[in-house]
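Student: I have a structure here, written as structure tokens, and I will follow up with some questions on it.
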Amino acid sequence: MKFSLKQYALLLSFLTMCIFMGFGWYTHNQIESAKVALAEWKFKSTNEELAEAVQAAVEQGKRAVQKFAQWGECRQQILNPSFYSYWREQRMMNAGFLPENALAAKLYNASGEPLSNIPELTLPLRLEPQNLPEYFVTHEKNKVAYAAFFAPVHSQGGKTVIGFVSISLPFLPMLRNYQFYHIDAKSIRIKPQSGHTPMAKIINDIDYKKKKDISSIIVQTILENTSQSLLIASLIIAMLLYAFLGYGVKRPLQYLIDHIYLLRKNPDFLHSGRFIKQLPIKELNEVSQALNAYQEELNNVYGSLDEKNKELLTLAYTDALTGIKNRRAFNEHWRQVCHIAENSRLHICMMLFDIDHFKAINDSYGHQVGDEVLAVISRVINDEFRKNELLYRLGGDEFGTVIINCDEKTGFEIAHRCNDSVSRFNFRSLGIMEKVQVSVGISCTQSGNKSDLDNLSWQADSAVFQAKRPGKDSVVAYRPEMEESSRSLFSNWMYSAVFNAIETGKGIKIFYQPIIDLSNDRINYYESLVRIQYKDEIIPPSHIFPIISARNLDIEMDQVIVKAILDDLENQRIPAGTGVSINLSGPSVSSTELVNWLQPLSKYLKQYKLVFEVTETALINQMSKATENLNKLKSMGFLVALDDFGSGYSSLRYLGSMPVDIVKFDISLIQDLENPKQHKLILNLCKMIKEVGYDMVAEGIEYTETHQCVIHAGFDYGQGFLYGRPNENFNSIKRQ
Amino acid sequence: MIENIIMTSRLIIFILLLCFASSLFAKEVSLPLGNSLNGLAEYTQGDKDKPAVLIVHGILQTRNFSTIQIIGNFLEESGYTTLRPTISLGIDSRKKSLACEAIHTHTMASDIEEIAHWVQWLKKKHQSIILIGHSAGATLLVAYLDKYENIQITPEKIIIISPAYFGNRPSSNTSSSEIEKARKAVASGQLGPASFGFIYCENYVSLPEAYLSYIEWSQQRTTESLMNISNPVSLLFGAGDKRIDQAWPEKLKKMGMDVQITDDANHFFNGSHEFDLLDFIENTVDS
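Sequence lines, in order, name chains A and B. Per the numbering used here, the first sequence starts with residue 1, numbered consecutively. Per the numbering used here, the second sequence starts with residue 737, numbered consecutively.
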């Protein structure tokens, strides 16, 4: 479950508020508890205070009666009460030995008999010497409570009790004189009681009111106000916290999120906009700045990548030799043209240019000159094109273009103009003495039909084929009747079958031709040879590869073949203990992805001898990359065979630097063994190659004599109809 | 050996100090006076080779009166044994001065009997005694000696300080009308307490007979008694004493009495005259 920052802020604020409110509640409870405790304490204190006040008043009364008892004149009267009445009247109350508020005083002899029989309402008439009372009495007249106190009178230093004294004091004023803290002194009342109330019980008859404790009220008010303030503060803090989180955190974060979102959603923003607003939180501001710096850095990287992409795009769509657009660019252009022309009435004209006898030029003057020829011709033709018309090098010596809004007549004019320019060029400057010409095939359509557009390619091919025929005009436009003459090679169905096979793998048939170990005449391994089946027809390699080569589908074709062989290996169709050799085209050998897509074969290396056959031409064209790839394959356990040795350059210098294990002599060299003049040369060549350590395969062996010759020449393996024809079914492959 | 001497010396010093301390120890003595009353006195033991001194305070006062305390303390510090009774004035174990307004049933005779009790008590403890009286206490001593002149108490010395007689006394409330009132009351049998003017008391509540017992002791009666005392009597007067006839000291002097008059001193020898008082005492007891 994920929450937004706003929700978290709300939660945090709520929690903060809850904490504060909880604290407030706790404080309130504590205050209430304190109030209860305070009330209890006050109640207790009040009771205690009242008891203390009563006790203090009693002590005061006791002190007063003691003072009275110690008065010498009391002793005088007790011992000699002759003039007691006089003394009582004149002296006793005025001598200052009794409290001013004393109601009455009375003297008794040692027996408890009063010195005078004059009754006192608040004092007993007689005393029991052994049981001196302490009590309160309510004055009947004025309803005022009086306390009566008694004390013995001693003689001879306190040793002998010679009598007793008693006094009665108004208790309430004495009580009220006490310094009360909790009790309102003025409110104290003593409930009138009949008879005497013992001292210990007087407290029960006292009513009073508590003082208003101003300080306590103030403190309570302060605490309650504080509690309320805390509640308000918690609300304010929660709101401030929410506002802070919203403004200080959420907004800056949202700002950063917007920034990142824009970077993600809007590529243009990467180059244009920047978020330069200052954020209130330092760290987030630093993040924002870092994001801007990152954006700037990314922008630079993107700029650099754009340049590199453009560069790569240019390289990808440019032919390195001639500087004009390559087949990839042509295909791209063709798709666009088809898109535009489909269902329209536009004239579309495809032209294919092919240099006449280019192989001969190469062979005669070398590849360097050949390359120069290609460059010159491409430049010359391109110069004749109008704006927006481009020449593409489709492969080898073949060039092409597609011109929109160009009918056949205009196409003819352009083609002738190009042809003338080429013819006029002084190729002698390149050291070529012969005339160099190009053949041009033209195919045009205005139908807007897709199939017609698709047909333009092979129709132009057919036209070039016708143009290259001896006696034909060097510029030929396609005519339907040409289809018949070129059916075997370039028929529409064949194209379709080849393309379909490459695209879907359907129709691909792998035929295996045995390669014999000449030392024991046993099948050592098989060379895989591709066929394409279309309905009941089997298209041979001689028809397949021109199409493949013309369309630069070599790698795709190799991949389909490898896939089919993998299927045979997987299903154990290939006899155990043998092996398979697979032909790799030049583009495949120099492909950067070669090792990757051949990797699945490696798991069969333990069971099978797996050989890749490459031609000299394939190696020479991309020597560096090809060597790297082949070395990797060799390190993985694959073997590499140099195919068709002797058909091309056959340079021993090249052979020495080529990463091969097996040299497979071209059939032409094998056939030359029968020529006595060549025989010796080939024998010596074989000897040299053998001494270097290569295994040698002789192909094209059809006769026993040739078989004997290759054995004599030191070949290790032999291949040819003599040993077996290529066949899909291994059971049908028989040693001839 | 040396250690033994030191220990012995320390023991002796301790015993001496203990004896000296005990000699200064004052205690209150309660003495039955034979009339169901008890009298209290402060008794301080002094040197046994010195006479014991009985000091009598003035009327209505106690032994704690300042002049008595000064004299007593001085003598005690000089090594004399002192006995300072408080005359009961009819109050059992009296400790405080008696107010004028209290019922005064005591008489001159009852006071003399109390002094006699204390002299007898002291005589049992000490062979040689000195009697000192101040103010009315001095008059009581004179009256005592007058009554008991035949008894061989043989006080070594009698020291009379500011003697104050009761009748015909100047600056007092004892007027002739008051005396007459008392006499009429007695004559008419009205013997109960009544208020009289007496010395400094305007409302001296007393029985008429008791009142008259003091009044009888006038300047003349006192002088006669003084002259009859066979033992050596030394008298000290303050020239400023306004409670007596200021010519009286000189009269006594002329009559051959040992009289010393201190200039400016009042009845109580307050202030710097305290030294004159003590010098007189010292000179008299040591002579």
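We put the CB at the ideal spot given by N, CA and C, even for glycine.
#1: Taking just the CA atoms, how far does residue 180(A) sit from residue 30(A)?
#2: Say whether chain A places a C-beta atom closer than 8 Å to the C-beta of residue 957(B).
#3: For residue 613(A), count the other beta carbons within 10 Å of its own beta carbon; 16 or more makes it buried, fewer makes it exposed. Which is it?
#4: What is the rounded straight-line gap between the Cα of residue 475(A) and the Cα of residue 441(A)?
#5: Taking the beta carbon of residue 405(A) as the centre, do at least 16 other beta carbons fall within 10 Å, making it buried, or is it exposed?
#6: Taking beta-carbon pairs under 7 Å, can you tell me which members of the region 91 to 124 of chain A lie near chain B?
#7: Hey, residue 854(B) and residue 891(B): beta-carbon distance below 8 Å or not?
#8: Could you tell me the boundaries of the beta strand (DSSP E) in which residue 127(A) lies?
#9: Please name the residue, chosen from 1002(B), 844(B), 1003(B), that lies closest to residue 944(B) on a Cα-to-Cα basis.
#10: So with Cβ pairs under 8 Å, would you call residue 220(A) a contact of chain B?
#11: Given this structure, state the Cα-to-Cα distance separating residue 835(B) from residue 798(B), to the nearest angstrom.
#12: So is residue 709(A) buried or exposed if we call it buried at 16+ other beta carbons inside 10 Å?
#13: Can you give me the C-alpha to C-alpha distance between residue 15(A) and residue 42(A), rounded to a whole angstrom?
#14: So, at 7 Å on beta carbons, what are the nonlocal neighbours of residue 128(A) in its own chain, with the 5 sequence-adjacent residues on each side left out?
#15: What does the Cβ neighbour count give for residue 444(A), buried or exposed, with the cut at 16 atoms within 10 Å?
#16: Closest to residue 642(A) by CA distance: which of 628(A), 625(A), 662(A), 623(A) is it?
#17: Sort 88(A), 58(A), 358(A) by Cα distance to residue 398(A) and report the nearest one.
#18: Quick one: residues in its chain with C-beta nearer than 8 Å to the C-beta of residue 277(A), no 5 flanking neighbours on either side, listed in chain order?
#19: Along chain B, in chain order, which residues have C-beta atoms closer than 8 Å to that of residue 75(A)?
#20: Going by the DSSP bridge assignment, what does residue 639(A) pair with across the sheet?
#21: Between 964(B), 904(B), 994(B), which lies nearest to residue 951(B) when the distance is taken from Cα to Cα?
#22: Whether or not the region 65 to 76 of chain A and the region 803 to 814 of chain B are in contact is what I'm after, with contact meaning three or more pairs of Cβ atoms, one per stretch, closer than 8 Å; do they touch?
#23: To the nearest angstrom, how far is it from the Cα of residue 343(A) to the Cα of residue 455(A)?
#24: Just to make sure I have the definition right: I need the residues of chain A whose C-beta is within less than 7 Å of the C-beta of residue 1028(B). Which are they?
#25: For residue 406(A), which of helix, strand or coil comes out of DSSP?
#26: Could you check whether the Cβ of residue 86(A) sits closer than 8 Å to any Cβ belonging to chain B?
#27: On the DSSP bridge assignment, give the partners of residue 819(B) in chain order.
#28: Leaving aside the five residues before and after residue 1004(B) along the sequence, list all residues of the same chain whose C-beta is less than 6 Å from its C-beta, in chain order.
#29: Candidates 898(B), 921(B), 862(B): which alpha carbon is nearest residue 1010(B)'s?
#30: Quick check on this structure: which residue in 927(B), 805(B), 770(B), 869(B) has the alpha carbon closest to the alpha carbon of residue 828(B)?
#31: Could you pull out every residue in the same chain whose Cβ sits closer than 7 Å to the Cβ of residue 326(A), ignoring the five residues on either side in sequence?
#32: Looking at the C-beta of residue 83(A), does it have a partner C-beta in chain B at a distance below 8 Å?
#33: Do you know how far the Cα of residue 697(A) is from the Cα of residue 728(A)?
#34: Tell me whether residue 644(A) sits in a helix, a strand or coil according to DSSP, three-state version.
#35: Checking 8 Å against the spacing of the C-beta atoms, do residue 602(A) and residue 558(A) come in under that value?
#36: Chain B partners of residue 155(A), CB-CB under 8 Å?
Tutor: On the basis of the coordinates in this document:
#1: Against the first sequence, residue 30(A) aligns to sequence position 30. Against the first sequence, residue 180(A) aligns to sequence position 180. Distance between residue 30(A) and residue 180(A), taken at the CA atoms: about 28 Å.
#2: Taking the second sequence and counting its residues from 1, one reaches residue 957(B) at position 221. Chain A, which has no Cβ nearer than 8 Å to the Cβ of residue 957(B), makes this no.
#3: Indexing the first sequence from 1 puts residue 613(A) at position 613. Buried.
#4: Position 475 of the first sequence, counted from the start, is the residue given in the question as residue 475(A). Position 441 of the first sequence, counted from the start, is the residue given in the question as residue 441(A). Approximately 6 Å, taken between the alpha carbons.
#5: Against the first sequence, residue 405(A) aligns to sequence position 405. Taking every protein chain shown into account, the CB of residue 405(A) has fewer than 16 other CB atoms within 10 angstroms, so this residue is exposed.
#6: Residues are counted here when their Cβ sits less than 7 Å from a Cβ of chain B; for the region 91 to 124 of chain A these are 91, 95, given in chain order.
#7: The sequence position of residue 854(B) within the second sequence is 118, counting from 1. The sequence position of residue 891(B) within the second sequence is 155, counting from 1. Against a cut-off of 8 Å, the Cβ pair of residue 891(B) and residue 854(B) comes out as no contact.
#8: On the first sequence, residue 127(A) is found 127 positions in, with the first residue counted as 1. Here residue 127(A) belongs to no beta strand (DSSP E), and DSSP marks it neither H nor E.
#9: Here residue 944(B) is taken as the residue at index 208 of the second sequence, counted from 1. Ranking the options by Cα distance to residue 944(B), first place goes to 844(B).
#10: Reading the first sequence from its first residue, position 220 is the one you call residue 220(A). It does not: the Cβ of residue 220(A) has no partner Cβ on chain B nearer than 8 Å.
#11: Your numbering for residue 835(B) matches position 99 in the second sequence. Your numbering for residue 798(B) matches position 62 in the second sequence. When rounded, the distance between both Cα atoms is 12 Å.
#12: One-based indexing of the first sequence puts residue 709(A) at position 709. Looking at its Cβ environment, which holds 16 or more other Cβ atoms inside 10 Å, residue 709(A) is buried.
#13: Reading the first sequence from its first residue, position 15 is the one you call residue 15(A). Reading the first sequence from its first residue, position 42 is the one you call residue 42(A). CA-to-CA, the gap between residue 15(A) and residue 42(A) works out to about 39 Å.
#14: In the first sequence, counting from the first residue as 1, residue 128(A) sits at position 128. Once the five neighbours on either side are set aside, the close Cβ partners of residue 128(A) are 112.
#15: Numbered from its first residue, the first sequence carries residue 444(A) at position 444. By the C-beta density criterion, residue 444(A) is buried, having at least 16 other C-beta atoms within 10 angstroms.
#16: By 1-based counting over the first sequence, the position of residue 642(A) is 642. Among 628(A), 625(A), 662(A), 623(A), the Cα nearest to that of residue 642(A) belongs to 662(A).
#17: For the purposes of this step, residue 398(A) is taken as residue 398 along the first sequence, with counting starting at 1. Ranking the options by Cα distance to residue 398(A), first place goes to 358(A).
#18: For the purposes of this step, residue 277(A) is taken as residue 277 along the first sequence, with counting starting at 1. Only residues of its own chain outside the window of five on either side were considered, and among them 255, 288 have a CB closer than 8 Å to the CB of residue 277(A), listed in chain order.
#19: Mapped onto the first sequence, residue 75(A) falls at position 75. Chain B residues near residue 75(A): 827, 828, 829.
#20: In the first sequence, the residue the question calls residue 639(A) occupies position 639. 611(A), per the DSSP bridge assignment.
#21: Here residue 951(B) refers to the residue found at position 215 when the second sequence is read from its first residue. That would be 904(B), whose Cα lies nearest to the Cα of residue 951(B).
#22: Touching, no, given that fewer than three Cβ pairs across the two stretches are closer than 8 Å.
#23: Position 343 of the first sequence, counted from the first residue, corresponds to residue 343(A). Position 455 of the first sequence, counted from the first residue, corresponds to residue 455(A). If you take the alpha carbons of residue 343(A) and residue 455(A), they lie about 15 Å apart.
#24: Only positions 737 to 1023 of chain B appear in the structure, and residue 1028(B) is not among them; the question remains open.
#25: Taking the first sequence and counting its residues from 1, one reaches residue 406(A) at position 406. Three-state DSSP puts residue 406(A) in coil, outside helix and strand.
#26: For the purposes of this step, residue 86(A) is taken as residue 86 along the first sequence, with counting starting at 1. Interface residue, yes.
#27: Here residue 819(B) corresponds to residue number 83 of the second sequence, with the count starting at 1. In DSSP, residue 819(B) forms a bridge with 779(B), 790(B).
#28: Along the second sequence, read from residue 1 onward, the residue named residue 1004(B) stands at position 268. Cβ within range, chain order: 803.
#29: Within the second sequence, residue 1010(B) is the residue found at index 274, counting from 1. Minimum Cα-Cα distance from residue 1010(B) among the listed residues 898(B), 921(B), 862(B) corresponds to 898(B).
#30: Reading the second sequence from its first residue, position 92 is the one you call residue 828(B). Ranking the options by Cα distance to residue 828(B), first place goes to 770(B).
#31: Locating residue 326(A) in the first sequence gives position 326, where the first residue counts as 1. Taking C-beta separations shorter than 7 Å and ignoring five residues to either side along the sequence, the partners of residue 326(A) in its chain run 317, 318, 319, 392, 393, following chain order.
#32: Looking up residue 83(A) in the first sequence gives position 83. True, the Cβ-Cβ gap to chain B drops below 8 Å.
#33: Numbered from its first residue, the first sequence carries residue 728(A) at position 728. Numbered from its first residue, the first sequence carries residue 697(A) at position 697. In a straight line, the C-alpha of residue 728(A) is about 22 Å away from that of residue 697(A).
#34: Reading the first sequence from its first residue, position 644 is the one you call residue 644(A). Per DSSP, reduced to three states, the secondary structure at residue 644(A) is strand.
#35: Start at 1 with the first residue of the first sequence, and residue 602(A) comes out as number 602. Start at 1 with the first residue of the first sequence, and residue 558(A) comes out as number 558. Between residue 602(A) and residue 558(A), the C-beta gap is not smaller than 8 Å, which leaves the two residues out of contact.
#36: Here residue 155(A) corresponds to residue number 155 of the first sequence, with the count starting at 1. What residue 155(A) touches in chain B: 774, 828, 829.
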